[in-house]
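Asks: This structure is in structure tokens; I'll ask about it shortly.
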Amino acid sequence: MFITRLAIFVLLIVSISQAKESQPFDFFKGTYNDFTDCLRTNNITIAEYEKFDDTSNLDNVLKENVELKYKCNIKCQLEREPTKWLNARGEVDLKAMKATSKAAASISKCMEKAPNESCAYVYKLVICAFKAGHPSSVIKFESYEHITEETAGLAANQQDYLDDYDTLDV
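Residue numbers (mature numbering (1 follows the signal peptide of the UniProt record, and there is no 0)): -19 to -1, 1 to 151.
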């Protein structure tokens, strides 16, 4: 019984922590200096960026309903990433992105409607990739569904063990 409760508690904690981390820009690995330089270049304060990146603004972010300066900031950050997503012409490079075939198809379809303006184009790419589940290193809650299966056997064994000691000697 204790193990089952513990497993449920762990799943709850993991789901809460992952829900907060499910943002389109969580995969950026740039340094703090890169981050602040991009903010400075695009005339964005840290407080403004925090409002932009807040989960309460996620709907606007995903609908691309944000100011151009935020799109240019995302472009700046993406350009500083170790894995390049754009070719020399500034167009999406699915091979360099190491996108799975499923993600690549989804990104390609989504990018058919991409704007020509470079900041908006890159921003659209990041949003399309996020919606396609790329990069795969961005952990989604669904990937934790296996925990229930893995802990079910352990919980059953533990319950059987405890049941052996639940008898009263009269």
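Glycine residues also receive a C-beta, built at the ideal position from the N, C-alpha and C atoms.
(1) Taking the CB atoms as reference points, tell me whether V103 and K32 lie closer together than 8 angstroms.
(2) Tell me the rounded alpha-carbon separation between M78 and W66.
(3) I think L59 touches V107, with their Cβ atoms under 8 angstroms apart; what is that distance to the nearest whole Å?
(4) CA-CA distance, S124 and D74?
(5) I'd like the span of the alpha helix (DSSP H) that includes K94, first residue to last.
(6) What's the C-alpha gap between D23 and N54?
(7) Could I get the ranges of all uninterrupted alpha helix (DSSP H) runs contained in the region 56 to 92, with 4 residues as the minimum, in chain order?
(8) Let me know if Y51 comes out buried or exposed under the rule of 16 or more other beta-carbons within 10 Å of its beta-carbon.
(9) Is it buried or exposed, T12, if we count other Cβ atoms within 10 angstroms and call 16 or more buried?
Replies: Put simply:
(1) With contacts defined by Cβ atoms closer than 8 angstroms, V103 and K32 do not form a contacting pair.
(2) Straight-line measurement puts the Cα of W66 at about 5 angstroms from the Cα of M78.
(3) Yes, L59 and V107 are in contact; Cβ-Cβ is about 6 angstroms, under 8 angstroms.
(4) With a pLDDT of 43 at S124, under the threshold of 50, the modelled position of this residue cannot be trusted; read the value that follows with caution. Whole-angstrom Cα-Cα distance: 26 angstroms.
(5) Counting along the chain, K94 falls outside any alpha helix (DSSP H), and DSSP gives it neither H nor E.
(6) Going by the sequence as given, residue 23 is Asn instead of Asp. Near 6 angstroms, if we compare the C-alpha coordinates of N54 and N23.
(7) Complete alpha helix (DSSP H) runs here, min 4: 75 to 78 and 82 to 92.
(8) Buried, since its Cβ has 16 or more Cβ neighbours within 10 Å.
(9) T12 comes out exposed.
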